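The next block holds one structure in the form of structure tokens; read it before the comments.
2 protein chains.
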Amino acid sequence: MLTNRQLQILQVIVDDFVTSAQPVGSRQISKKDWITSSPATIRNEMADLEELGFIEKTHTSSGRVPSEKGYRFYVDHLLQPISMSNREIGLFQSIFKNQIVEMEQVIRESANILSDLTSYTTILLGPNVSKHRVKRFQIVPLSEQTAVAIIVTDNGHVENRTITLPQGFAPSDIEKTVNILNERLVGVSLLELQSRLELETFNVLRQHVNTADSFIQSLRNVATFQNEGKIYFGGKTNMLNQPEFHDLNKVRALMEMMEKESQVISLFHREDTGIHIRIGSENNHIVMDDLSVITASYSVGNDQEGSIAIIGPKRMDYQRVVSLLDVMRSGLSRALSNKVNDGL
Amino acid sequence: MLTNRQLQILQVIVDDFVTSAQPVGSRQISKKDWITSSPATIRNEMADLEELGFIEKTHTSSGRVPSEKGYRFYVDHLLQPISMSNREIGLFQSIFKNQIVEMEQVIRESANILSDLTSYTTILLGPNVSKHRVKRFQIVPLSEQTAVAIIVTDNGHVENRTITLPQGFAPSDIEKTVNILNERLVGVSLLELQSRLELETFNVLRQHVNTADSFIQSLRNVATFQNEGKIYFGGKTNMLNQPEFHDLNKVRALMEMMEKESQVISLFHREDTGIHIRIGSENNHIVMDDLSVITASYSVGNDQEGSIAIIGPKRMDYQRVVSLLDVMRSGLSRALSNKVNDGL
DNA sequence: TATTAGCACTCTGTGTTAATGAGTGCTAAC
DNA sequence: GTTAGCACTCATTAACACAGAGTGCTAATA
Chain Z
1 MLTNRQLQIL QVIVDDFVTS AQPVGSRQIS KKDWITSSPA TIRNEMADLE ELGFIEKTHT
61 SSGRVPSEKG YRFYVDHLLQ PISMSNREIG LFQSIFKNQI VEMEQVIRES ANILSDLTSY
121 TTILLGPNVS KHRVKRFQIV PLSEQTAVAI IVTDNGHVEN RTITLPQGFA PSDIEKTVNI
181 LNERLVGVSL LELQSRLELE TFNVLRQHVN TADSFIQSLR NVATFQNEGK IYFGGKTNML
241 NQPEFHDLNK VRALMEMMEK ESQVISLFHR EDTGIHIRIG SENNHIVMDD LSVITASYSV
301 GNDQEGSIAI IGPKRMDYQR VVSLLDVMRS GLSRALSNKV NDGL
Chain R
1 MLTNRQLQIL QVIVDDFVTS AQPVGSRQIS KKDWITSSPA TIRNEMADLE ELGFIEKTHT
61 SSGRVPSEKG YRFYVDHLLQ PISMSNREIG LFQSIFKNQI VEMEQVIRES ANILSDLTSY
121 TTILLGPNVS KHRVKRFQIV PLSEQTAVAI IVTDNGHVEN RTITLPQGFA PSDIEKTVNI
181 LNERLVGVSL LELQSRLELE TFNVLRQHVN TADSFIQSLR NVATFQNEGK IYFGGKTNML
241 NQPEFHDLNK VRALMEMMEK ESQVISLFHR EDTGIHIRIG SENNHIVMDD LSVITASYSV
301 GNDQEGSIAI IGPKRMDYQR VVSLLDVMRS GLSRALSNKV NDGL
């Protein structure tokens, strides 16, 4: 168990290092006016904190830097919520107050504002369409052989695919197909769509219209969706301003990581709904060893729908980011839920 | 007018500098076996070439480097088409041969393959929707107050917007609206849609359905499109491997530039249809002073539809990139045109 | 017993100097 | 017109000294 003084010292080390990015020395700590001990005493305490694994030296005679364990302790025990400035509150309200219609726009703007306010990088995982339910099918013919298949979901998302029509497929066949699909599949979630299509409609379709196998295959194709939401970035280049990214190799590694969708998605921990913090190696990804990720999820209606992540250096302003994320999460949830419930 | 020997020397300087990124010295040039002169002679010629502005020294006693004027001359007079390797041809065919349905996927893949083959960055400007023509309108109600408006264009593109319905708007009103829109606006290009909507349909709508001003405003909104195609990137991080990007500030400036849509679009010169090369400061953008951009446009059907750009260091392999771009341009045009004409 | 002042020691960062090497320009010879 | 030879320039690198920041330890102090 840490003594009170040790807690104080750890807190100063983390706070100072977060703002200055420089190792913190005993003299620097002793200067804080709420710290009464002399540098020598602090050095002794620091030696103990180091032995306990909370802080590290970058070389024999340098000041101390928080270790991952140190950050973890800080985050778990020393973090205190802070309130936001008026400017910040204003910015948030500006996204949500306008009667905004396009969900995509709200999300895009949220990502930008978050990254502006934090000067870190924001990743926003959009609502996962696979939970949405089919509201309406539509097939619009483009030519003799091609058409566009459209699915509108209950909260206004539109999916579309180009499909190939069987030879000699008449407009009436299209109409029949659309009717069959709408009769049987409205209300089905996109996740189940593929199997329900297979079980309930293909046979019926074969009976009523001139269906070729290629057409069935096209329809299968229509019912295939990405099983993760769309990814939005904010402030991708903010990271380059952080001193830990003076190393070009790190920059490249991170940029390449962010180009790969699957790797980006693996940064999120979607198990749970609260705010989560992963520090450095806790992310299980070499590229992220010097970075921390803070995630939160927002909901639309009752479902947990999407996630927000902020990526910054391990030396991140955890307090601030956690507070901002919390506000943003609830703001987004409220804004998007209103939009959907708007008269259901 | 340059002598034959001067041409040879300039060519070697550009070619060698392109591959090595190191200033080229007289000895190095004399080693090429098709160069017969001695280093001293070459030095004299180089002094002349420098006086003419085709090459430069980085410092008093360094080898020579092509100037912008030198590159420009090289590109205008010394460039010779090269043929592609089997591997490359194979890669190209792999995109186009599969019966691909989604235009977006073809474009995305093209961008990736181009950047893989060149190890530069590719920007692909997708087809500009504003030239497409309306094939079908559709309005799908989501709730009492909201609906999704959908426009399908003649080549299968789908645009959609969420709109707000006037109070007490009945399903039959929606049907009437859709009918009026389809009767009057099918075949109109998206570019003209806004004005035609204004002139020809709003009055009719006011007569036949319970139209609120907010509804009219929503429809106006529906008819507003981005007037440039969507932007696709390939190999955004390739640039980081170029030695000229060892400078972090340049990296940041470039990355920030690529985040801004308008700046990216200004890189294209869409006046004309051929292959265009802009070298360094010819791009009129500080960030691009050390970079060259090669652009080409592809067409779908008869219209010039989209553009491809490859961004690399000024010290770029112009021959190779021009050849690749030429193949890609015609491949893309053919693939996308087939897709559209497919039975018109 | 806990704290603190003092001091030797360690490591980083910076500025200086010297040596090396690649390349040029010029002159004189071919 | 071409080329060999030579003096000169500049960038790069290594070696070295020195200042500064910080530590750990010891001995004195409250």
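Taken in sequence, the protein lines are chains Z and R.
Quick note: the first sequence uses UniProt numbering, first residue 1, plus one each step.
Quick note: the second sequence uses UniProt numbering, first residue 1, plus one each step.
From the three backbone atoms N, C-alpha and C, an ideal C-beta is built for every residue, glycine too.
All values reported here derive from a predicted model rather than from experimental measurement.
Proximal residues to residue i (C-beta, below 7 Å), its chain only, five neighbours per side dropped
i	result
residue 16 of chain Z	24, 28
residue 162 of chain R	146, 148
residue 223 of chain Z	193, 194, 197
residue 216 of chain R	202
residue 304 of chain Z	273, 297
Contact check, residue i vs residue j, beta carbons under 8 Å
i	j	result
residue 169 of chain R	residue 210 of chain R	yes
residue 53 of chain R	residue 62 of chain R	no
residue 345 of chain Z	residue 233 of chain Z	Missing from the structure shown is residue 345 of chain Z; chain Z here goes from 1 to 344 and no further.
residue 178 of chain R	residue 137 of chain R	yes
residue 221 of chain R	residue 130 of chain R	no
residue 134 of chain R	residue 193 of chain R	yes
residue 318 of chain R	residue 238 of chain R	no
residue 80 of chain R	residue 45 of chain R	no
residue 82 of chain R	residue 334 of chain R	no
residue 235 of chain R	residue 115 of chain R	yes
residue 142 of chain Z	residue 156 of chain R	yes
residue 327 of chain R	residue 96 of chain R	no
Through-space distance from residue j to residue i, alpha-carbon basis
i	j	result
residue 276 of chain Z	residue 110 of chain Z	19 Å
residue 315 of chain R	residue 297 of chain R	23 Å
residue 13 of chain Z	residue 252 of chain Z	30 Å
residue 18 of chain R	residue 312 of chain R	11 Å
residue 164 of chain Z	residue 149 of chain Z	10 Å
residue 280 of chain R	residue 241 of chain R	19 Å
residue 307 of chain Z	residue 264 of chain Z	12 Å
residue 105 of chain Z	residue 229 of chain Z	15 Å
residue 329 of chain Z	residue 291 of chain Z	22 Å
residue 324 of chain R	residue 266 of chain Z	35 Å
residue 244 of chain Z	residue 254 of chain R	19 Å
residue 258 of chain R	residue 250 of chain R	12 Å
residue 283 of chain R	residue 208 of chain R	54 Å
residue 309 of chain R	residue 41 of chain R	40 Å
residue 166 of chain R	residue 175 of chain Z	29 Å
residue 22 of chain R	residue 57 of chain R	11 Å
residue 260 of chain Z	residue 86 of chain R	28 Å
residue 262 of chain Z	residue 256 of chain Z	12 Å
residue 331 of chain R	residue 113 of chain R	13 Å
Own chain partners of residue i with C-beta closer than 6 Å, once the 5 adjacent residues on each side are dropped
i	result
residue 278 of chain Z	293
residue 107 of chain R	124, 126, 232
residue 190 of chain Z	129, 130, 132, 225
residue 84 of chain Z	none
residue 206 of chain Z	none
residue 218 of chain R	163, 164
residue 289 of chain R	280, 281
Identified DSSP bridge partners for residue i
i	result
residue 57 of chain Z	Z:64
residue 136 of chain R	R:152
residue 147 of chain Z	Z:141, Z:163
residue 307 of chain R	R:125, R:297
residue 71 of chain Z	Beta-bridge pairing links residue 71 of chain Z to no other residue.
residue 49 of chain R	Per DSSP, none; premise fails for residue 49 of chain R.
residue 115 of chain R	None, per the DSSP bridge assignment.
residue 291 of chain Z	Z:313
residue 320 of chain R	In the DSSP output, where bridge partners are listed per residue, residue 320 of chain R has none listed.
Sequence-distant residues of its chain with Cβ nearer than 8 Å to residue i (five each side left out)
i	result
residue 10 of chain Z	2, 49, 54, 55, 66, 70, 73, 74, 78
residue 34 of chain R	8
residue 43 of chain R	26
residue 343 of chain R	Per-residue confidence for residue 343 of chain R stands at a pLDDT of 41, beneath the threshold of 50, marking its modelled position as unreliable; no derived number is given.
residue 322 of chain R	79, 81, 275, 277, 294
Nearest-angstrom Cβ-Cβ length linking residue i and residue j, presumed shorter than 8 Å
i	j	result
residue 152 of chain Z	residue 140 of chain R	4 Å
residue 30 of chain Z	residue 38 of chain Z	6 Å
residue 300 of chain R	residue 248 of chain R	About 40 Å; that fails the 8 Å criterion.
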